[in-house]
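*Asks:* One structure follows; several queries about it will come next.
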Amino acid sequence: MKLFEGKKGLILGVANDRSIAWAVAKEILDQGGVCGFSHLPDKADDEKKKNRMRVSKCVDAYPAQTAFLEPLDVQDDEQVASFMKMAGEKLGKIDFLLHSIAFADRDDLSRDTVETSRAGFKLAMDVSVYSLISVTNYARPLFNADASVLTMTYFGGEKCVPGYNVMGICKAALDATVRYLANDLGPHGHRVNAVSAGPLKTLAGVAAGVGEMQDYYGYVAPLARCVTHEEVGRSGAYLLSNYSSGITGEILHVDAGYNIMGSPGRLLYEFKK
Ligand SMILES: NC(=O)c1ccc[n+]([C@@H]2O[C@H](COP(=O)([O-])OP(=O)(O)OC[C@H]3O[C@@H](n4cnc5c(N)ncnc54)[C@H](O)[C@@H]3O)[C@@H](O)[C@H]2O)c1
171 MKLFEGKKGL
181 ILGVANDRSI
191 AWAVAKEILD
201 QGGVCGFSHL
211 PDKADDEKKK
221 NRMRVSKCVD
231 AYPAQTAFLE
241 PLDVQDDEQV
251 ASFMKMAGEK
261 LGKIDFLLHS
271 IAFADRDDLS
281 RDTVETSRAG
291 FKLAMDVSVY
301 SLISVTNYAR
311 PLFNADASVL
321 TMTYFGGEKC
331 VPGYNVMGIC
341 KAALDATVRY
351 LANDLGPHGH
361 RVNAVSAGPL
371 KTLAGVAAGV
381 GEMQDYYGYV
391 APLARCVTHE
401 EVGRSGAYLL
411 SNYSSGITGE
421 ILHVDAGYNI
431 MGSPGRLLYE
441 FKK
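In the working numbering, the protein residues as written are 171 to 443.
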């Protein structure tokens with residue numbers, strides 16, 4: 171029997187086939203799960219409906235296991251409420267919820283943290299942190315007894331990663347949110363975890379400057395390389411599955427071991443050459 175056979179859930183945050191949310195969803199679909207997907211709403215004047223089209227291209231390969239593909243802007247509570255109502259009507263009870271969503275203005279990512287604007291800070295925290303609380307709260311009535319929630323975080327919330335700036339502050343808050351939600355939902359049997367992924371080339375990743383970081387991992391990470399989409403996808407699916415039933419409030423680093431290092435590792439020897 172496949173890991174997700176008979177399991178249903180929600181995947182929030184696929185933008186295209188490079189999205190981490192798609193890497194996780196693909197594992198779940200390949201393991202027999204049924205998923206309902208969201209996409210960022212298209213602008214009224216976008217006749218091609220590009221946001222929807224890019225996600226359609228992914229999910230169209232799994233018609234029998236795709237319950238729906240509907241727009242959702244997590245900044246709008248009414249949309250979150252009606253999305254979850256629709257999800258309940260189409261899926262009934264659910265077993266998993268993936269939140270793989272973040273956003274900050276490029277201006278705020280590119281300037282020093284000390285110059286972050288108030289509006290940019292609020293925007294980044296609202297989309298990247300509060301949305302986990304909001305979607306979890308509105309989805310709660312749909313949860314089966316052993317439902318699992320997963321969000322995506324990054325090491326820049328634990329240590330200073332220059333260039334990650336305001337998003338690092340968001341990830342620190344997101345990590346804390348995981349722990350508090352895990353405590354709230356634990357008595358109901360529901361779990362809340364995060365995967366802390368190494369740098370991957372996605373829309374959000376490139377905006378946050380992951381390009382050079384991937385090469386750097388080759389020198390510093392114990393595995394002497396960066397991680398792949400597939401590795402992050404499999405670990406995410408694990409935390410959304412019953413195989414991780416004893417784990418909650420956890421930040422699982424899927425980063426080729428980078429986070430354990432207390433020095434630049436093999437890069438030190440490069441300096442000596
Ligand atoms: N790429 C990396 O290197 C990396 C590493 C660690 C963690 N992460 C995290 O993984 C998550 C997914 O990012 P990704 O790298 O797959 O990039 P991505 O751009 O593919 O995904 C980000 C998603 O957030 C969605 N989103 C943004 N604003 C939204 C809103 N208002 N309402 C609804 N959805 C909204 C986008 O539509 C997109 O689907 C993010 O939380 C990101 O911080 C990424």
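Here a beta-carbon is modelled for each residue, glycine too, at the ideal position from N, C-alpha and C. Quick caveat, the model's predicted, so the values are computed rather than measured.
Nearer than 7 Å: is that true of the beta carbon of I190 relative to any heavy atom of ligand 1?
*Replies:* yes
*Asks:* Does any heavy atom of ligand 1 sit closer than 7 Å to the C-beta of S280?
*Replies:* no
*Asks:* Using only the alpha-carbon positions, how far apart do V184 and A195 sit?
*Replies:* 9 Å
*Asks:* Here's a check: name, in chain order, each residue in its chain whose Cβ is nearer than 6 Å to the Cβ of A119, leaving out the five neighbours to either side.
*Replies:* Past the boundaries of the shown model lies residue 119; the chain is included only from 171 to 443, so the question cannot be answered.
*Asks:* In terms of DSSP beta bridges, what is N353 paired with?
*Replies:* According to DSSP, which records beta bridges pairwise, N353 is partnered with nothing at all.
*Asks:* Among S226, A191, E217 and A234, which has the Cα closest to the Cα of G176?
*Replies:* A234
*Asks:* Look at the alpha carbon of G179 and the alpha carbon of H358, and state the distance between them as a whole number of angstroms.
*Replies:* 18 Å
*Asks:* Going by DSSP, what residue range makes up the beta strand (DSSP E) through G179?
*Replies:* K178 to L182
*Asks:* When you compare each of A342, Y334, G333 and K260 to G327 by their alpha carbons, which one comes out closest?
*Replies:* A342
*Asks:* Is any non-hydrogen atom of ligand 1 found closer than 7 Å to the C-beta of V397, if you look at the structure I gave you?
*Replies:* no
*Asks:* With DSSP collapsed to three states, give me the class of H360.
*Replies:* coil
*Asks:* So is A378 buried or exposed if we call it buried at 16+ other beta carbons inside 10 Å?
*Replies:* A378 should be labelled buried.
*Asks:* Please find out if some non-hydrogen atom of ligand 3 comes closer than 7 Å to the beta-carbon of P332.
*Replies:* By its list of ligands, the structure shown excludes ligand 3, since it contains just ligand 1.
*Asks:* Opposite P423 in the DSSP bridges: which residues?
*Replies:* Sequence check: residue 423 is His here, not Pro. Beta-bridge pairing links H423 to S366.
*Asks:* Need the endpoints of the beta strand (DSSP E) that V319 sits in, please.
*Replies:* That run of the beta strand (DSSP E) goes F313 to T323.
*Asks:* Determine whether the beta carbon atoms of K189 and S270 lie at a separation below 8 Å.
*Replies:* The sequence as given places Ser at residue 189; Lys does not occur at that position. Result yes, Cβ atoms of S189 and S270 sit closer than 8 Å.
*Asks:* Among S301, I421, F238 and N335, which one has its Cα closest to the Cα of K260?
*Replies:* Comparing Cα-Cα distances from K260 to each of S301, I421, F238 and N335, the minimum goes to F238.
*Asks:* Tell me, which residues are paired with F238 by DSSP?
*Replies:* G206
*Asks:* Near R222, which residues of its chain fall below 8 Å by C-beta distance, leaving aside the five closest residues on each side in sequence?
*Replies:* H209, D212, L239 and P241
*Asks:* Assuming V362 and A346 are in contact, meaning their beta carbons sit under 8 Å apart, how far apart are those beta carbons, in whole angstroms?
*Replies:* With 8 Å as the limit, V362 and A346 do not qualify as a contact, their Cβ atoms being about 12 Å apart.
*Asks:* Pair every Cβ in the segment 387 to 400 with every Cβ in the segment 330 to 337, then say whether three or more of these pairs are closer than 8 Å.
*Replies:* no
*Asks:* Would you mind sorting P434 into buried or exposed? The rule is 16 or more other CB atoms within 10 Å of its CB.
*Replies:* exposed
*Asks:* Which residue wins for smallest C-alpha separation from Y386, given the options E248, M431 and D278?
*Replies:* M431
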